[in-house]
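376 is the number of the first residue of the sequence shown in my numbering; add one for each residue after it. Each residue gets a CB set at the ideal place from its N, CA and C atoms; glycine is no exception. Have a look at the structure below, then the notes.
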Amino acid sequence: MGQQQLLLVILVTIIVGIATVVAINTFSDSADSANVDAVRNDVASIAAAAQGYFIKPAMLGGGGNDFTNISFNNIAFAADSIDNSDGLTALNSNGVYVISGGNSTQFTVTAHPASRITGTPTLSSTATEGATSLTAVITEGNTNFTDNQ
Numbered sequence: 376m377g378q379q380q381l382l383l384v385i386l387v388t389i390i391v392g393i394a395t396v397v398a399i400n401t402f403s404d405s406a407d408s409a410n411v412d413a414v415r416n417d418v419a420s421i422a423a424a425a426q427g428y429f430i431k432p433a434m435l436g437g438g439g440n441d442f443t444n445i446s447f448n449n450i451a452f453a454a455d456s457i458d459n460s461d462g463l464t465a466l467n468s469n470g471v472y473v474i475s476g477g478n479s480t481q482f483t484v485t486a487h488p489a490s491r492i493t494g495t496p497t498l499s500s501t502a503t504e505g506a507t508s509l510t511a512v513i514t515e516g517n518t519n520f521t522d523n524q
C-alpha cells in the first residue's frame, strides 16, 4: 500500500471518530431536551387537574375555590408513586414533582427532570446535573413557568 493510501485511511479514521463524538453529544442533548419537554407537559397536566380541583365544590372533594389543601392525592396525575405521608411529592418516569406553598389563590410545583437527577430517581431526588429544576406557579387561570437553567 502506498504512503498516500495510508494517509487517506488515517484521515478517514480521524474524521469518522470526530463524527461519532459529535453524534453522541447531539443525542445526549436531544435526550435531555425531550425529557424536559415531557416534564413541562406533566406540569401543564398538573395545572389543568389543579384548576379542576380549585373550581370543584369542597363537598364534592374539590378545593372550593381554594388551593390550600391541594396534594397529588386529590388531583388526577399519572404518577408511579406518591409520598403517602403528605401527598405533596410524586414520581413518574419523567421526574419528581413537589407541590408547595398552597394557599387560597395559588401554589407552586417544582419539577426535577429525571435526566438531571444523578442515579435512579426516588421521591426524595432533586435535580443536580447541568441545569436544575423547573418551577411553575399555578393560579386559578394561569401557569407561570421558570426553567432554572
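At the C-beta level, residue 521 and residue 509 come within 9 Å of one another. Taking 9 Å as the cut-off, the beta carbon of residue 416 is found no closer than this to the beta carbon of residue 515.
Within the model, the alpha-carbon separation for residue 465 versus residue 398 is close to 34 Å. Per DSSP, the unbroken alpha helix (DSSP H) holding residue 430 starts and ends at 378 to 430. Between the region 429 to 444 and the region 452 to 464 there are fewer than three inter-stretch CB-CB distances shorter than 8 Å, so the stretches are not counted as touching. Counted as a single uninterrupted DSSP element, the stretch harbouring residue 433 is not any beta strand (DSSP E), since DSSP gives it neither H nor E.
Around the beta carbon of residue 405, fewer than 16 other beta carbons lie within 10 angstroms, which makes this residue exposed.
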